[in-house]
Structure formats: structure tokens, C-alpha cells
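1 is the number of the first residue of the sequence shown in full-length UniProt numbering; add one for each residue after it.
Backbone N, C-alpha and C fix where the C-beta goes; we use that ideal spot for every residue, glycine too.
Structure first, commentary second.
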Amino acid sequence: MIPDITFELAKRNEPMYLFSPYDVERVYGVPFGDISVTEKYQEMVDDARIRKTKTDARELFQTLAELQFESGYPYVLFEDTANRDNPIAGRINMSNLCSEILQVNSPSEYDDDLDYRHTGEDISCNLGSLNIARVMDSPDFGTSVETAVRALSAVSEMSDIRSVPSIAEANARSHAIGLGQMNLHGFLAREHIHYGSEEGLDFTNIYFYTITYHAVRASNRLAIERGERFAGFENSAYASGSYFDKYTENEWQPRTQRVRELFDNAGIQIPTREDWRELKASVMQYGLFNRNLQAVPPTGSISYINHATSSIHPVVSKIEIRKEGKLGRVYYPAPYLNDDNQDYYRDAYEIGPEKIIDTYAEATQHVDQGLSLTLFFRDTATTRDINRAQIYAWRKGIKTIYYVRLRQAALEGTEVEGCVSCTL
Numbered sequence: 001m002i003p004d005i006t007f008e009l010a011k012r013n014e015p016m017y018l019f020s021p022y023d024v025e026r027v028y029g030v031p032f033g034d035i036s037v038t039e040k041y042q043e044m045v046d047d048a049r050i051r052k053t054k055t056d057a058r059e060l061f062q063t064l065a066e067l068q069f070e071s072g073y074p075y076v077l078f079e080d081t082a083n084r085d086n087p088i089a090g091r092i093n094m095s096n097l098c099s100e101i102l103q104v105n106s107p108s109e110y111d112d113d114l115d116y117r118h119t120g121e122d123i124s125c126n127l128g129s130l131n132i133a134r135v136m137d138s139p140d141f142g143t144s145v146e147t148a149v150r151a152l153s154a155v156s157e158m159s160d161i162r163s164v165p166s167i168a169e170a171n172a173r174s175h176a177i178g179l180g181q182m183n184l185h186g187f188l189a190r191e192h193i194h195y196g197s198e199e200g201l202d203f204t205n206i207y208f209y210t211i212t213y214h215a216v217r218a219s220n221r222l223a224i225e226r227g228e229r230f231a232g233f234e235n236s237a238y239a240s241g242s243y244f245d246k247y248t249e250n251e252w253q254p255r256t257q258r259v260r261e262l263f264d265n266a267g268i269q270i271p272t273r274e275d276w277r278e279l280k281a282s283v284m285q286y287g288l289f290n291r292n293l294q295a296v297p298p299t300g301s302i303s304y305i306n307h308a309t310s311s312i313h314p315v316v317s318k319i320e321i322r323k324e325g326k327l328g329r330v331y332y333p334a335p336y337l338n339d340d341n342q343d344y345y346r347d348a349y350e351i352g353p354e355k356i357i358d359t360y361a362e363a364t365q366h367v368d369q370g371l372s373l374t375l376f377f378r379d380t381a382t383t384r385d386i387n388r389a390q391i392y393a394w395r396k397g398i399k400t401i402y403y404v405r406l407r408q409a410a411l412e413g414t415e416v417e418g419c420v421s422c423t424l
């Protein structure tokens, strides 16, 4: 968890204070995780009742980069960014291991015999991902998205987690789902668009913009049909209408002719401001069935059986080598790979972190939860390069960082690229 104040102190090269969670809870009456460190930082520094330790903010980032350089961990959650973009009342204070689930939760209270005195709300991951190429090829884009939202909502309703009452309680009250995406790089390469290019960023923006409209509309229709909206809706940015401001006050259209042609040729109507105004009115009147709608997971294994590239990050290789149980090595070529489009399959290490962050930033502005973002570096990278990428991601509004991957240099004479190409 990295709050904004950490970056600000590091920028000014000022010392940073670490606070006693016990003392913070004693003073404020709530757990430390429910406090905005950025908002209360100076107040806690000045409060003699709170024990604190002085450290160096820049050294913290240096140590973080060293750990990620050596192991790929730890995962990072930019606390203030996640909470600023959260349309639900309450505070996000954690994520899951894959770093895409960002939901409000509340603690349970127990009696001495460990029976529940108060049942809080914990999180159930009801996830499923669309294949971007298949959705773009669908005869009805909106129906495809609505079907996915309805399917995931059914999963949330059929989930039986009585063994953990706090999860069962939250699942029943929130109907929270995480509609994800995969095969972005595969689709772009198929259409002869470079990942991270102006056209690639434009497509990512308009695709997620259009997905968001249909996902919200589907949840609104479910609320109307069921006569039920998620618990706490009345305190959300959906109920106040503020969630929709960026869509009703700004025109979201393709910036490039190539992307406009992709949507026109597919017969996909890009939502207008008037479409959003009508949806806003319906949501404010009838509500939403799902408290959370979108989250983009890594889709590591399921993408292979979908003939898709993983999530919305680039391929790590044109031909991936995986170890599959008793089968041993399995060679998996990128989807649609052929002589005509192979130049569009630059791998993640060649593309580098900046264009990956740019791509995720285009999607992030439309996703209510998180996106599982892995950063890839060449074998010449240093910890300073990792720190620069972290700062760039934070400035671009990224909410979380998953793994940090460094390409391992091959020993001379052991390169397998030529051999792999012969196996296909």
C-alpha cells in the first residue's frame, strides 16, 4: 500500500514517518487501514500520542525496487488512486493476490468463543473475461457484454460460501462481479496495429469505454427486472449521478481514423453523450444490481484455451514455452501469428514498461476496480528503471502493479528462438 504522501515526501527528499497502528486506532477509534495516511499524515506527525519512527522515503522506494528486481514482489496498491476512483461509499484497504479486485470491505467482530458478534463484509471474486477479438467480431456487441454480466451475476447468486459467513453476506448484498478482458495484443496484431501505438491506445480507450456503457446498462436492467439494487447504492456515486459526469460532459470518440473504421466496419455503435444521459437517469431512478462490475485479471491459463493473448498486456514471446504436467514442454504460438503480422508481435520486454503503462491507463479510466498490470524490463534494467516506472504508473493513474519481470540473459550458444520456430 503506497499513499500519495510517500511520493510527495520522496520528491521533496524529506524524511517519512511510520506510525504505530495500535496508537492510531486508539486515537481515531478506527483501524489504521481505514485511515487516509495522506490526509492525516501531518496531523499524526504532530500528535504526541502516536508513536512513530522516522525513515527515508527515497530509501523505501530503493528497497522496494531491489526486492522487485530480485523476486518480482511485492505487489503494489496505490491507495489514494484506488480510493479516488472508487464509486462506492467506504474505503479500499486491500486487494487480492492478482491485484485486480478493489472492493470495499468491513471487519467482523467475534465473541470469546469465536462466534460472530457482528458479521462484516468480505470479498468473493466472481470473475470472467471476454475475448476482445471475439467480442469485436460479435454480431451484437452490446448483447455479448450483457450476456457476460448476467452470467457472472448468476455465478454470484449460485455461490454457496456459508462456511465463511462474512463472504456469503457480502456476496448476497453486493452481487459484485469482475468482468475482465483478454486478447488485446492478439486483436491489435491481427488488425496490424502496434501495441502501445497511438492507434493501439485509441482502441483500448474506446473499447473499454463502450464495454463500460453496456456493462452498466446490463446491471441497470437487472435491477429493474429484479426490483433489487445492491446494498448501499443510495450512498454511491451512481446514485448521486457524479459517476456519469465524465461521460455526459465530454465527447468520447475515436482519435484516429483507423479505430473509427474498426468500430464502423464491425457495426458497433459508440455510445454518445445522450446515451449516457439516458442511462444516468435510469440508474439514478432504478439503481444497479451489481456493486462492482469490471476487473481485469491476468488470465494466464484460460487465455491459452481461448486462443488469446493474456489479459491486456503484450505477449512475452511470439512463441511461448510452457511446462504442462506430464506433457512436458508445450509450444504456444501467439494467436493469428503469420508472416504478415509477426512484426506487430513485439514482445513485452521489447515494448518496455512505459507503453504498457500507457495502455493500462487508457483502460483504467473506465474500470471501477483494478487491472492486473505486470511490468517487463530488459536484462540491462536497473533498480532506478523500476523506480521510474513506478512513478510513471502512479502519475498515469494506475491503481495497482502485479509482478515485475526482468528478461534473463541467455548463455551464449543456448538461444532457442531458431529451434522453436522449426517446431511449428
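If Gly-180 sits next to Leu-188, beta carbons under 8 Å apart, how far is it from one beta carbon to the other, in whole angstroms?
Not really, about 17 Å apart at Cβ, beyond 8 Å.
Which residues does DSSP list as the beta-bridge partners of Gly-29?
Beta-bridge pairing links Gly-29 to no other residue.
Looking at the unbroken beta strand (DSSP E) that takes in Arg-117, where does it start and where does it end?
116–118
Counting only runs of 4+ residues fully inside the segment 63–129, write out the alpha helix (DSSP H) ranges in chain order.
79–84
With three or more beta-carbon pairs closer than 8 Å as the criterion, would you say the segment 51–62 touches the segment 32–40?
no
Can you give me the Cβ contacts of Ser-174 inside the same chain, cut-off strictly under 6 Å, excluding the 5 residues immediately before and after it?
Phe-230, Arg-291
Is Met-16 helix, strand or coil by DSSP?
strand
Start and end of the alpha helix (DSSP H) containing Val-37?
37–46
Same chain only: Cβ atoms within 8 Å of Trp-276, ignoring 5 sequence neighbours per side:
Tyr-213, Phe-244, Tyr-247, Thr-248
Which of helix, strand or coil does DSSP assign to Arg-407?
coil
Report all residues from its chain with a CB closer than 7 Å to the CB of Ala-10; omit the five preceding and five following residues, and keep chain order.
Ala-57, Arg-58, Phe-61
Spatial neighbours of Asp-385 in its chain, beta-carbon cut-off 7 Å, leaving aside the 5 residues before and after:
Phe-377
To the nearest angstrom, report how far apart Glu-412 and Leu-406 are at their CA atoms.
Legend: pLDDT at Glu-412 = 48, less than 50; position of this residue unreliable, no value from coordinates given.
Residue(s) in a DSSP beta bridge with Gln-294
Leu-179
Which of helix, strand or coil DSSP assigns to Phe-377:
strand
Pick helix, strand or coil for Pro-271, following the three-state DSSP scheme.
coil
Would you mind sorting Ile-305 into buried or exposed? The rule is 16 or more other CB atoms within 10 Å of its CB.
exposed
Taking Phe-233 as the reference, which of Leu-288, Gly-29, Gly-300, Thr-210 has the closest Cα?
Leu-288
Would you check if the segment 66–77 and the segment 351–361 touch, i.e. whether three or more CB-CB distances between them fall below 8 Å?
no
Hey, how far is the Cα of Asn-265 from the Cα of Ile-92?
40 Å
Out of curiosity, what's the CA-to-CA distance linking Ile-5 and Asp-46?
16 Å
Opposing strand residues paired with Ile-401 [DSSP bridges]
Val-76
With the cut-off set at 8 Å, would you say Phe-78 and Ile-391 are in Cβ contact?
no
Delimiting residues of the beta strand (DSSP E) encompassing Lys-323
319–324
I need the boundaries of the beta strand (DSSP E) containing Thr-53, first residue and last residue.
52–56
In whole angstroms, give me the CA-to-CA distance for Ser-236 and Ala-89.
5 Å
Strictly by DSSP, which residues pair up with Val-330?
Arg-322
Looking at the structure shown, is Ser-371 part of a helix, part of a strand, or coil, going by DSSP?
Per the sequence shown, residue 371 should be read as Leu rather than Ser. DSSP places Leu-371 in strand when its eight states are reduced to three.
With a threshold of 8 Å, are at least 3 pairs of Cβ atoms found where one atom belongs to the segment 291–300 and the other to the segment 162–178?
yes
Buried or exposed, going by whether 16 or more other CB atoms sit within 10 Å of the CB of Ala-310?
Correcting the residue type first, residue 310 is Ser in the shown sequence and not Ala. Classification of Ser-310: buried, given that the 10 Å Cβ count is 16 or more.
Distance check for Pro-3 and Met-94, CA to CA, integer angstroms please.
12 Å
Measure the alpha-carbon distance for Lys-52 versus Tyr-41 and round it to whole angstroms.
11 Å
Around the Cβ of Ser-166, are there at least 16 other Cβ atoms within 10 angstroms (buried) or fewer (exposed)?
buried
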